[in-house]
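Protein chains in written order, with this note's numbering: chain A, 1 to 98; chain B, 1001 to 1463.
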């Protein structure tokens, strides 16, 4: 467990630093779609929920798992959909005329 | 397939998903590559979900299929909301994400109790506490943004003490459960306390603080997902949670800086109250007003115009009329740019999305640092529904509650025109001395109607 924990902490810290460096460069123009995109990516929690639901270890875990899968997949679908809709609207003076 | 092979398949899909997620965020840096970022994210998500379905622990696919289909059906309308509803939709999706994480944490606890290691119980507690407070906090924020709840900050004496005590109680219960994971009866307290805290946390927050708060809730949602990754020993979840968490954190920092305030000040300050007293002491002098006809004449005679939009433009849904104005002025050879303050609107980037929706090219949308040097050489600034972010008091009046906040220097332009419903003070409750400058003209009326009238005077637009 401790070795796993240490590895996980390394992964977390590196990912957080990488996140800072990458997201710092996002143009303020795109802060709204950035938030809806990270929201959709964050819904990767769905993979944990799928396993809990599929294992059917107890009635409680099945119900909670089903709700969790539904909530996260709606974030996946809705999040990607609205991000793409927003980004489609961003045009420059040139692309607008062509 | 042998069990070992399926495990490898899952790991490979997760690794690919991780890479694609990081690329997705990298490609978000510029509008030209951003849509590629969405596709990368979608592909990564599809791979990860597909891989997970091979998990050997899964014995029943029936309910998974139903939950995936029902959830997707709910997700579609949430992805198709009108652009003006994007802030509340975002708050709602923070709630959904955190809800899912809190539920998984709860399920894990009851499946594992009483055999839970100290470490596992610590991360499960963190997952459940962060998840639960984000659920109610985000629902409250969405309610305020949708205006089903009062937007005015509500404060009472000892508020911070009460709020922090509730959170502290949750932490105490968490510590106790770490030591005694067999005490299942205490677990509901671990869920309930953060749920209450989430509500109370948003009660004192006013509308103009929403950009910071939404970003902060975004960070919490990400951190709770990362905690879930620790609990499930899933590197993919840890990474996705850390990326989301750092994104929310960076946005919160940008928003707080743009208001010259600290996180703690946003969360515990209840801005609106302090400012209301500052307003009462002030005696309002006369202002100069102008009609749409006069405004159109001034704009048409200008060489350069900067439009400064704020939340008022979003409320009045004036962005399409603003586009007509932009085109009418362009046709007359007037250079038109947009100056956008980081906290204009109700979430980070709100104004950019609305103006992009109205088909205004994004190379005309300039942020505060880029536009501020241009005001002194600008003939006319047209402020539409923005208030505090243009108040020169932030620059020079040490006594002002917004002193030190970076503002758009609209008062340095040759002429300033402000479209406003009335002289009533904005969110801040403080007078804006910009309105009393000799170079300022007040255009009283609804933003959409007034801009429409100006466009008509200029002889453009469709009616």
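Where is the CB? At the ideal position from N, CA and C, for every residue including glycine.
Is there at least one Cβ from chain A nearer than 8 Å to residue i's Cβ?
{"i": "residue 1244 of chain B", "result": "yes"}
{"i": "residue 1257 of chain B", "result": "no"}
{"i": "residue 1391 of chain B", "result": "no"}
{"i": "residue 1307 of chain B", "result": "no"}
{"i": "residue 1034 of chain B", "result": "yes"}
{"i": "residue 1279 of chain B", "result": "Any reading at residue 1279 of chain B must be qualified, since the residue scores a pLDDT of 44, below 50, and its modelled position is unreliable; no value is offered."}
{"i": "residue 1182 of chain B", "result": "no"}
{"i": "residue 1361 of chain B", "result": "yes"}
{"i": "residue 1240 of chain B", "result": "yes"}
{"i": "residue 1218 of chain B", "result": "yes"}
{"i": "residue 1327 of chain B", "result": "no"}
{"i": "residue 1352 of chain B", "result": "yes"}
{"i": "residue 1431 of chain B", "result": "no"}
{"i": "residue 1125 of chain B", "result": "no"}
{"i": "residue 1272 of chain B", "result": "Reliability of the predicted coordinates at residue 1272 of chain B is poor, the pLDDT of 42 falling under 50, and the value obtained from them is presented with this limitation in mind. Chain A, which has no Cβ nearer than 8 Å to the Cβ of residue 1272 of chain B, makes this no."}
{"i": "residue 1348 of chain B", "result": "yes"}
{"i": "residue 1384 of chain B", "result": "no"}
{"i": "residue 1234 of chain B", "result": "yes"}
Could you pull the DSSP bridge partners for residue i from this structure?
{"i": "residue 1309 of chain B", "result": "B:1384"}
{"i": "residue 1304 of chain B", "result": "B:1335"}
{"i": "residue 1416 of chain B", "result": "B:1381 and B:1440"}
{"i": "residue 1289 of chain B", "result": "B:1442"}
Along the alpha helix (DSSP H) that carries residue i, what are the first and last residues, could you check?
{"i": "residue 1355 of chain B", "result": "1350 to 1357"}
{"i": "residue 1014 of chain B", "result": "1003 to 1027"}
{"i": "residue 1217 of chain B", "result": "1210 to 1232"}
{"i": "residue 1159 of chain B", "result": "1159 to 1179"}
{"i": "residue 1191 of chain B", "result": "1187 to 1202"}
{"i": "residue 1042 of chain B", "result": "1031 to 1052"}
{"i": "residue 1457 of chain B", "result": "1447 to 1458"}
{"i": "residue 1389 of chain B", "result": "That residue, residue 1389 of chain B, is in no alpha helix (DSSP H); it is neither H nor E in DSSP."}
{"i": "residue 1241 of chain B", "result": "1235 to 1258"}
Could one say the Cβ of residue i lies closer than 8 Å to chain B's Cβ atoms, at least one of them?
{"i": "residue 3 of chain A", "result": "no"}
{"i": "residue 11 of chain A", "result": "yes"}
{"i": "residue 59 of chain A", "result": "no"}
{"i": "residue 73 of chain A", "result": "yes"}
{"i": "residue 173 of chain A", "result": "Missing from the structure shown is residue 173 of chain A; chain A here goes from 1 to 98 and no further."}
{"i": "residue 23 of chain A", "result": "yes"}
{"i": "residue 54 of chain A", "result": "yes"}
{"i": "residue 6 of chain A", "result": "no"}
Report the residue from the options whose alpha carbon sits nearest the alpha carbon of residue i.
{"i": "residue 1402 of chain B", "options": "B:1189, B:1431, B:1382 and B:1302", "result": "B:1431"}
{"i": "residue 91 of chain A", "options": "B:1044, B:1354 and B:1442", "result": "B:1354"}
{"i": "residue 82 of chain A", "options": "A:15, A:50, A:35 and A:53", "result": "A:35"}
{"i": "residue 1250 of chain B", "options": "B:1316, B:1348, B:1148 and B:1433", "result": "B:1348"}
{"i": "residue 1156 of chain B", "options": "B:1110, B:1203 and B:1192", "result": "B:1203"}
{"i": "residue 1452 of chain B", "options": "B:1079, B:1061, B:1291 and B:1376", "result": "B:1291"}
{"i": "residue 1200 of chain B", "options": "B:1333, B:1041, B:1161 and B:1105", "result": "B:1161"}
{"i": "residue 1247 of chain B", "options": "A:7, A:5, A:11 and A:15", "result": "A:15"}
{"i": "residue 1111 of chain B", "options": "A:27, A:23 and A:61", "result": "A:61"}
{"i": "residue 1368 of chain B", "options": "B:1436, B:1359 and B:1410", "result": "B:1410"}
{"i": "residue 1014 of chain B", "options": "B:1192, B:1075 and B:1053", "result": "B:1053"}
{"i": "residue 1064 of chain B", "options": "A:54, A:63 and A:59", "result": "A:54"}
{"i": "residue 1091 of chain B", "options": "B:1047, B:1138 and B:1037", "result": "B:1138"}
{"i": "residue 1454 of chain B", "options": "B:1436, B:1023, B:1423 and B:1327", "result": "B:1327"}
For the beta strand (DSSP E) holding residue i, just list the boundary residues, first then last.
{"i": "residue 1365 of chain B", "result": "1365 to 1367"}
Grouping DSSP H, G and I as helix and E and B as strand, with all else coil, what is residue i?
{"i": "residue 1340 of chain B", "result": "strand"}
{"i": "residue 32 of chain A", "result": "helix"}
{"i": "residue 58 of chain A", "result": "coil"}
{"i": "residue 1110 of chain B", "result": "helix"}
{"i": "residue 1147 of chain B", "result": "coil"}
{"i": "residue 1081 of chain B", "result": "coil"}
{"i": "residue 86 of chain A", "result": "helix"}
{"i": "residue 26 of chain A", "result": "coil"}
{"i": "residue 1279 of chain B", "result": "Because residue 1279 of chain B carries a pLDDT of 44, less than 50, the predicted location of this residue cannot be relied on, and no value is offered for it."}
{"i": "residue 1347 of chain B", "result": "coil"}
{"i": "residue 1142 of chain B", "result": "helix"}
{"i": "residue 1270 of chain B", "result": "Below a pLDDT of 50, predicted positions are generally treated as unreliable, and residue 1270 of chain B, at 48, falls in that range; the measurement from the model is reported next regardless. Residue 1270 of chain B: coil per DSSP, three-state reduction."}
{"i": "residue 1319 of chain B", "result": "helix"}
{"i": "residue 1330 of chain B", "result": "helix"}
{"i": "residue 1376 of chain B", "result": "helix"}
{"i": "residue 1062 of chain B", "result": "helix"}
{"i": "residue 1119 of chain B", "result": "helix"}
{"i": "residue 5 of chain A", "result": "helix"}
{"i": "residue 1398 of chain B", "result": "coil"}
{"i": "residue 1360 of chain B", "result": "coil"}
{"i": "residue 42 of chain A", "result": "helix"}
{"i": "residue 1073 of chain B", "result": "helix"}
At a threshold of 7 Å, does residue i count as lining the ligand ZN (C-beta to nearest heavy atom)?
{"i": "residue 1301 of chain B", "result": "Only the bare structure without any ligand can be found here, which leaves the ligand ZN out of the picture."}
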